[in-house]
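Right, one structure below, let's go through it.
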Amino acid sequence: MMYDEILLDTEERMDKALEHLRNNLAGIRTGRANPGLVDSIRVECYGSQTPLKQLANVGCPEPQQIVIRPYDPSVIKDIEKAIVASDLGYNPQGDGRVIRINVPALSGEVRKKMVTRIKELAEEAKVSIRNVRRDGNKAADQGQKDNALTEDDRDLLKEEIQKLTNSYEDKVNDAAKNREAEVMEDA
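Position 76 of the sequence shown, counting from 1, maps to 95 under my numbering, and the rest follow consecutively.
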């Protein structure tokens, strides 16, 4: 039973590391507008910090424009203030009903910086995955010391953990390559 628990825990933690990477990659600008660019924005309204996506419908009717339609028009000023305060560098334009954000095209230099950031995020995710592998291997060794696992089971478990590690590192590489391609598109 311990074998399955260790393997399941290891896979769940690797999955979380991959999901964290995907969330971070979604916030990286590409040459075109995308609703994910404003997902990280939290708006001070109704007495608390609320995620933008809970306050408004976010869409991209054009490749270089994000349109935000608040469910409650009274929060438009709060949303504009939060967008300006974010470190994204956007200049929102509201007309009382909707907020428009024009996303400028990226220069070659900015694209290279974005690619460098993507590689950093991917490397951080791989380090997290390797740390999870180390923890899983420690748990396998401890299970064998506690006589909950045989030596063969421990070795088999370590092999399975390594296969998981390889699989998740491949997924990280794929996610990073796809995002790099999107950033370099239209360059």
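Just so you know, even glycine gets a beta-carbon here, dropped at the ideal spot from N, CA and C.
- With respect to A36, I148 sits close: the two C-beta atoms are nearer than 7 Å.
- Cβ atoms of I118 and E99 come within 8 Å of each other, at about 6 Å.
- The segment 47-56 and the segment 84-104 touch, with three or more beta-carbon pairs separated by less than 8 Å.
- Nearest to R116 by C-alpha distance, out of V134, Y90, D23, is Y90.
- Three or more Cβ pairs closer than 8 Å define a contact, and the segment 175-192 falls short of that threshold against the segment 124-132.
- Non-local C-beta neighbours of R152 in its own chain, meaning closer than 6 Å and more than five positions away in sequence, comprise I180, T184, ordered along the chain.
- N197 is classed as exposed because its beta carbon has fewer than 16 other beta carbons within 10 Å across all chains shown.
- The beta carbon of R173 sits closer than 8 Å to the beta carbons of A159, D160, G162, Q163 from its chain, once the five residues preceding and following it are set aside; these are given in chain order.
- Counted as a single uninterrupted DSSP element, the beta strand (DSSP E) harbouring I87 occupies residues 84-89.
- For the alpha helix (DSSP H) assignment, the uninterrupted runs of no fewer than 4 residues enclosed by the segment 106-177 are, from N- to C-terminal side, 127-164.
- In the DSSP secondary-structure assignment, S67 is bridged to C64.
- Here DSSP, grouped into helix, strand and coil, assigns N76 to strand.
- In the DSSP annotation of this structure, the continuous segment of the alpha helix (DSSP H) that includes T29 starts and ends at 21-45.
- A Cβ-Cβ separation of about 4 Å places L40 in contact with A144 under the 8 Å criterion.
- By the beta-carbon neighbour count (other beta carbons within 10 angstroms, threshold 16), G108 is exposed.
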